[in-house]
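See structure below.
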Amino acid sequence: VGIISPSNVDAAASIMLLAGVALGGRATLMGPAVGAIAVGSATAGGAADRVFVLDPAVDRLVVYGMDGAYLAHWPGLPAQSLAAHGGRVYVLDREASAVRVLDAVTGAERARFGTRGTDDGQFASFSDVDVTEDGRTLAVADLGGLRVQLWDLVDDAAMAGGAPAGTLRTVYNLTESRYN
Numbered sequence: 009v010g011i012i013s014p015s016n017v018d019a020a021a022s023i024m025l026l027a028g029v030a031l032g033g034r035a036t037l038m039g040p041a042v043g044a045i046a047v048g049s050a051t052a053g054g055a056a057d058r059v060f061v062l063d064p065a066v067d068r069l070v071v072y073g074m075d076g077a078y079l080a081h082w083p084g085l086p087a088q089s090l091a092a093h094g095g096r097v098y099v100l101d102r103e104a105s106a107v108r109v110l111d112a113v114t115g116a117e118r119a120r121f122g123t124r125g126t127d128d129g130q131f132a133s134f135s136d137v138d139v140t141e142d143g144r145t146l147a148v149a150d151l152g153g154l155r156v157q158l159w160d161l162v163d164d165a166a167m168a169g170g171a172p173a174g175t176l177r178t179v180y181n182l183t184e185s186r187y188n
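With our numbering applied, the sequence shown corresponds to residues 9 to 188, in that order.
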């Protein structure tokens with residue numbers, strides 16, 4: 009791996025390293041790696057260029073600027089994982105078994121989708137979430153269902169017009185032999 013100099017790491021990466029160590033501990037080399045699992049960061053785009061750090065131990069999300077400055081924290085988020093894009097933060101709410109769509113600047117909930125269960129469009133025990141680079145598709149890994157679900161996302165205008173924030177596109181059943 010080698011030695012990493014502070015001059016090789018920008019502010020956002022520095023926050024990620026610190027958050028990983030803080031959440032995972034520094035007693036072993038695995039501490040920061042374990043902590044990094046709980047850390048999500050993204051550039052939400054435009055005025056919402058921020059780094060989002062999930063702190064599941066106290067059910068909050070901490071927001072930093074790209075320069076490393078603390079901006080806010082959003083308490084009361086029993087989240088499992090997060091992804092951000094285009095002014096939105098997608099969090100997996102482990103209590104509601106739903107994807108919550110938050111405004112990347114205010115933290116206000118804009119929408120939610122999914123429910124607890126094992127049918128398509130439901131979540132049994134999700135573990136991770138990610139959004140495509142173009143912000144049009146959300147992938148949710150569901151360990152309880154041994155599957156990955158892809159959701160088509162709508163833009164702000166469609167959501168304001170009443171369209172659901174996410175529509176299930178397809179489900180990949182990971183127990184199928186082609187994935188083993």
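We treat Cβ as the ideally placed atom computed from N, Cα and C, and that holds for glycine.
Check: Nearest-angstrom Cβ-Cβ length linking Asp150 and Phe121, presumed shorter than 8 Å; Outcome: Actually they are not in contact, since the Cβ atoms of Asp150 and Phe121 sit about 14 Å apart, beyond 8 Å.
Check: Ala166 - containing alpha helix (DSSP H), residue span; Outcome: 164–168
Check: Residues that Gln157 bridges to, as DSSP identifies them; Outcome: Val148, Val179
Check: Ser185 classed as buried or exposed, judged by whether at least 16 other C-beta atoms fall within 10 angstroms; Outcome: exposed
Check: Status (buried if at least 16 other CB within 10 Å, exposed otherwise) for Tyr72; Outcome: buried
Check: Close-in-space but distant-in-sequence residues of the same chain around Thr183 (CB under 6 Å, 5 per side omitted); Outcome: Leu154
Check: Residues sharing a beta bridge with Arg58, DSSP; Outcome: Gly73
Check: Nearest residue (CA-CA) to Met167, options Thr123, Gly129, Asp111; Outcome: Asp111
Check: Val137 versus Ala77: straight-line alpha-carbon distance, rounded; Outcome: 26 Å
Check: Residue of Val97, His93, Asp75 minimising C-alpha distance to Leu62; Outcome: Val97
Check: In DSSP terms, what Arg108 is bridged to; Outcome: Val99, Arg120
Check: Ser185 in three-state terms, based on DSSP; Outcome: helix
Check: Where Ser89 falls: helix, strand or coil (DSSP); Outcome: strand
Check: With 16 other Cβ atoms within 10 Å as the buried cut-off, status of Ala50; Outcome: The pLDDT assigned to Ala50 is 48, lower than 50, so where the model puts this residue is not dependable, and the model offers no usable value.
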